[in-house]
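K.L.:
Provided herewith is a single structure, encoded as structure tokens, for subsequent inquiry.
Protein chains: 2
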Amino acid sequence: MPFFVMSQKNFQEIKEIGFSKLINKLSSYDGNKRDEIIKGIGDDAVVFKDKEGTVSCASSEIFLEGIHFDVTYTPLHHLGYKIVTAAVSDIYAINAEPVQLLVNIAIPNKYSVQMVEQIYKGIDAACKDYNVQVTGGDTTASHQILAISVTALGSAPKKNLIYRNNAKIEDIICVTGDLGSAIAGLRILMREKKEWQERSTESFQPDITDYEYVVKRQLIPVARKDLIEAFQKSGIKPTAMIDISQGLMADLKAVAEASGLGAEVYSPAIPITLDTRKVADEMKEDVDKYAFYGGEDYEMLFTMREPLLEKFREIFDDFAVIGKMTNQYQELKINTGEGETIQVDLN
Amino acid sequence: MPFFVMSQKNFQEIKEIGFSKLINKLSSYDGNKRDEIIKGIGDDAVVFKDKEGTVSCASSEIFLEGIHFDVTYTPLHHLGYKIVTAAVSDIYAINAEPVQLLVNIAIPNKYSVQMVEQIYKGIDAACKDYNVQVTGGDTTASHQILAISVTALGSAPKKNLIYRNNAKIEDIICVTGDLGSAIAGLRILMREKKEWQERSTESFQPDITDYEYVVKRQLIPVARKDLIEAFQKSGIKPTAMIDISQGLMADLKAVAEASGLGAEVYSPAIPITLDTRKVADEMKEDVDKYAFYGGEDYEMLFTMREPLLEKFREIFDDFAVIGKMTNQYQELKINTGEGETIQVDLN
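Same order as they appear, the protein sequences are chains A and B. Just so you know, the working numbering puts 232 at position 245 of the first sequence, and the rest follows in order with no gaps. Just so you know, the working numbering puts 53 at position 66 of the second sequence, and the rest follows in order with no gaps.
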């Protein structure tokens, strides 16, 4: 996975074709299609129809250059993919199905037409993976930075919806996949960038093959569509759910607060890969901090009545039970597994 | 209407309270409420229910500092109001009713908490005027510039929907209100800013009282909810509709192209106020250019069978008939009223 380099031979300035031609180019973009869409790109507003007995839902994300991504190490198609992941992940997190996307992009002059197309390529790949359709949005100029905002719209049978506020005392707390790998990937990318900057006169080629897993988790995280499908297939419904975008403890806190409960997490149960541990060791950092506070993993946290655990495991097993909901309102505790319990204070 | 000045005595830096406290502050914001909203701010995604027999619709806008607004002359509550106008105007433009908004804001450190609250104050005022509810979104940091993205979601009985692509030959072309005043207001604001910059050591107080109408049209344009209500009340449906955000000719071109037709506009019929003419005279510019190409007026352009005109005028009369759809595909013509016909080439 090479660093992103602005290629000179394939660089068509946007002013060369003009903004209105660029918009035409992007509007004629022929991406993934959905039956629900009555009117997509090409009018003032998009129009869509829900199936009978369902409700609609929506979520929105904004990514800014320099804040949410660094173009020196973010391939632009990955950026396109990632913001779609972030938006649809919020739809999955209420146990609904994303259907369409509105995409706003503000593009600085330093970007070429090809670069913008790369972003759309990533958006398109994500649309295929999540089976959603781009139906509209706004494309404008920007002075300094690239800004992308994506609104995902979806639908679900009303009875399927799962909010954050319904976790019960003694519910088990589950998380999918592994945690902390996205921040581990970011640490590697930032280290390589620093080295690249320091040696900028030499032909420095960063070697991240040893870190492929964590770098991929940072650059192209995947939303847990498979978990939602497993809930549908099993007929099992968690009591509360949230996607882990801010970090495990921040997102668990949101569930605990909304449900009027506390939570206790058993630290040794947190799923952390060897790749992530290796990065933390190299950086001389605490891998638990990556897992607890890292964010951007886009894994799912859900709470469930304990007796349902075994049955659900038969359908879906890429998750770990990491703790229990408690009756101590707003108290988040970490049990270290060595007889110590730490009170977590997030602010 | 004084210029916007960053007040020192009411400036609380965002880092003073931290981003998560700011987000809490904004999430607890108690704005306009709608019955359709099942779940608003406070979960991963917003959930809403349409009335029976209706379809949902959505539109999205992004505004960037330095591109869409200049904070030296844009009061922040006006900015909040204006982006809501831009988003709901697109919903009205398909003859639907906006219901809710998702608001993404990326805030640079140079902004104070009070400034962000001003933006929300404007959003809230617009929500009341258009009867929509803020239901979610994303609040993040930004390095240099303020970026706001608003997605409006709405609904309509399916039979009411009006697209751009259904204008018929010989249909009359109508526009609400007046055109060119928003660009006239911008001209004044830019002139005053220049003077203010040149005399920055003196205590320069720009006097824009003589230009109140045009400046207001630039800073706080109002979407034409009243037109949509008139269509409902009269039972009359135009053949095609678009909101005039890009400029009369650009938006008329979109209708003509989508409908596979051409259009001829009678220049003396374009509604232009004396205030706008006065600005153009002062600037030694052609007022017709303001009206034809200015943009940001957020008036509505609609096409209609001529025989319906009289009946519709009885219900609603803030519009002018400015021309007719023709069978010359993609040809836009301006009849000057002095025996001359100009072919318009937009690219």
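Glycine included, C-beta positions come from ideal geometry on N, C-alpha and C. Here the structure is a predicted model, which is why all the values come from computation and not from measurement.
Pick out the complete beta strand (DSSP E) segments inside the region 157 to 234 of chain B, 3 residues or longer, and give them in chain order.
P.N.:
Here the runs fully enclosed are 159 to 163 and 227 to 231.
K.L.:
For A:G109, report the span of its alpha helix (DSSP H) as first-last.
P.N.:
Counting along the chain, the alpha helix (DSSP H) containing A:G109 begins and ends at V100 to Y117.
K.L.:
If you reduce the DSSP assignment to three classes, tell me which class B:T328 lands in.
P.N.:
Correct three-state label for B:T328: strand.
K.L.:
Return the CA-CA distance between A:G249 and A:G281, expressed in angstroms with no decimal places.
P.N.:
Going from the Cα of A:G249 to the Cα of A:G281 covers about 21 Å.
K.L.:
Select from B:D275, B:M291, B:G109 and B:V100 the residue whose C-alpha is nearest the C-alpha of B:L206.
P.N.:
Taking only the C-alpha atoms, the option nearest B:L206 is B:G109.
K.L.:
Is it right to say B:K298 is buried, meaning 16 or more other beta carbons lie within 10 angstroms of its own, or is it exposed?
P.N.:
Exposed: under 16 other Cβ atoms inside 10 Å.
K.L.:
Suppose you measure from the CA of B:K8 to the CA of A:E216; what does that come to, to the nearest Å?
P.N.:
Taking the straight line joining both Cα atoms gives about 35 Å.
K.L.:
What in chain A is Cβ-close to B:H65, meaning under 7 Å?
P.N.:
Within chain A, no residue comes near B:H65; the closest Cβ sits about 19 Å away, beyond 7 Å.
K.L.:
Checking 8 Å against the spacing of the C-beta atoms, do A:T226 and A:M291 come in under that value?
P.N.:
The answer is yes: Cβ separation under 8 Å.
K.L.:
For the alpha helix (DSSP H) that contains A:E301, what are its first and last residues?
P.N.:
Per DSSP, A:E301 belongs to the alpha helix (DSSP H) from L296 to I302.
K.L.:
A:M(-7) to B:D238, Cα distance in whole Å?
P.N.:
Low confidence applies to A:M(-7): its pLDDT is 44, below 50, so where it sits in the model is not reliable, and the reading given next is rough at best. Each residue's Cα considered, the two are about 35 Å apart.
K.L.:
Taking all protein chains shown into account, do 16 or more other C-beta atoms lie within 10 angstroms of the C-beta of B:R300, making it buried, or fewer, making it exposed?
P.N.:
B:R300 should be labelled exposed.
K.L.:
In whole angstroms, what is the alpha-carbon distance linking B:V58 and B:G326?
P.N.:
Using only the alpha carbons, I get a separation of about 45 Å.
K.L.:
Beta-carbon separation of B:D284 and B:L148 under 8 Å?
P.N.:
Their beta carbons are not under 8 Å apart, which means B:D284 does not touch B:L148 by this criterion.
K.L.:
Label B:P294 either buried or exposed according to how many other C-beta atoms from any shown protein chain fall within 10 Å of its C-beta, with 16 as the threshold for buried.
P.N.:
Label assigned to B:P294: exposed.
K.L.:
If you count every other CB in all the chains shown that lies within 10 Å of the CB of B:T328, and 16 or more means buried, which is it?
P.N.:
Classification for B:T328: exposed.
K.L.:
Looking only at DSSP bridge pairs, what is B:Q315 linked to?
P.N.:
Beta-bridge pairing links B:Q315 to no other residue.
K.L.:
Is there a Cβ of chain A sitting closer than 8 Å to that of B:V71, yes or no?
P.N.:
B:V71 does not count as touching chain A.
K.L.:
Assign B:A250 to one of three DSSP states: helix, strand, or coil.
P.N.:
Correct three-state label for B:A250: strand.
K.L.:
Within 8 Å of any Cβ in chain B, is that where the Cβ of A:K36 sits?
P.N.:
Chain B contact via Cβ: present.
K.L.:
Going by beta carbon distance, what residues of the same chain come within less than 7 Å of A:G18, once the five residues before and after it are set aside?
P.N.:
Cβ neighbours of A:G18 beyond the five flanking positions: D111, C114, Q120 and V121.
K.L.:
Output, in sequence order along the chain, the residues in the region 86 to 114 of chain A whose CB is closer than 7 Å to any CB in chain B.
P.N.:
Those residues of the region 86 to 114 of chain A that come within reach of chain B (Cβ to Cβ, closer than 7 Å) are L89, N91 and A93.
K.L.:
Measure the C-alpha to C-alpha separation of B:L89 and B:I24 and round it to an integer number of angstroms.
P.N.:
Taking the straight line joining both Cα atoms gives about 12 Å.
K.L.:
Quick one: Cα of B:I170 to Cα of B:V201, how far?
P.N.:
Approximately 8 Å, taken between the alpha carbons.
K.L.:
Can you confirm whether the region 46 to 65 of chain B touches the region 302 to 315 of chain A when touching is taken to mean that 3 or more C-beta pairs between the two stretches lie within less than 8 Å?
P.N.:
With the cut-off at 8 Å, the region 302 to 315 of chain A and the region 46 to 65 of chain B do not touch.
K.L.:
A:S142 and A:F(-2) look like a contact to me (Cβ under 8 Å); what is the Cβ gap, rounded to whole Å?
P.N.:
Actually they do not touch by this definition, with Cβ atoms about 41 Å apart.
K.L.:
With three or more beta-carbon pairs closer than 8 Å as the criterion, would you say the region 131 to 145 of chain A touches the region 253 to 260 of chain A?
P.N.:
Not touching, per the Cβ criterion.
K.L.:
Let's test the definition: count the other Cβ atoms within 10 Å of the Cβ of A:K220 and tell me whether it reaches 16, buried, or not, exposed.
P.N.:
Exposed, by the Cβ-count rule.
K.L.:
With a cut-off of 8 Å on the beta carbons, I'd call A:Q131 and B:Q131 a contact; round off their distance for me.
P.N.:
Confirmed, about 6 Å.
K.L.:
Check the Cβ-Cβ distances between A:D161 and every residue of chain B, and say whether any is below 8 Å.
P.N.:
A small fix is needed here, since residue 161 of chain A is Cys in this sequence, not Asp. Cβ-Cβ to chain B under 8 Å: no for A:C161.
K.L.:
Just checking: is the beta-carbon of A:Y316 within a distance shorter than 8 Å of some beta-carbon in chain B?
P.N.:
No, A:Y316 lies away from the interface with chain B (no Cβ there is under 8 Å from its Cβ).
K.L.:
Run down chain A in chain order and give the residues with a C-beta less than 9 Å from the C-beta of B:D57.
P.N.:
Here the premise fails: no neighbours, minimum Cβ distance about 11 Å.
K.L.:
Can you tell me the Cα-Cα spacing of A:S76 and A:D213, whole angstroms?
P.N.:
Answer to the nearest angstrom: the Cα atoms are 11 Å apart.
K.L.:
Check whether chain A comes within 8 Å of B:E48, counting only Cβ atoms and requiring the distance to be less than that.
P.N.:
B:E48 counts as touching chain A.
K.L.:
How would you label A:D30, buried or exposed, when you count the other beta carbons within 10 angstroms and need 16 or more for buried?
P.N.:
Looking at its Cβ environment, which holds 16 or more other Cβ atoms inside 10 Å, A:D30 is buried.
K.L.:
Would you check if there are 3 or more beta carbon pairs closer than 8 Å linking the region 39 to 53 of chain B to the region 33 to 53 of chain A?
P.N.:
As far as the Cβ criterion goes, the region 39 to 53 of chain B touches the region 33 to 53 of chain A, which means the pair count is three or higher.
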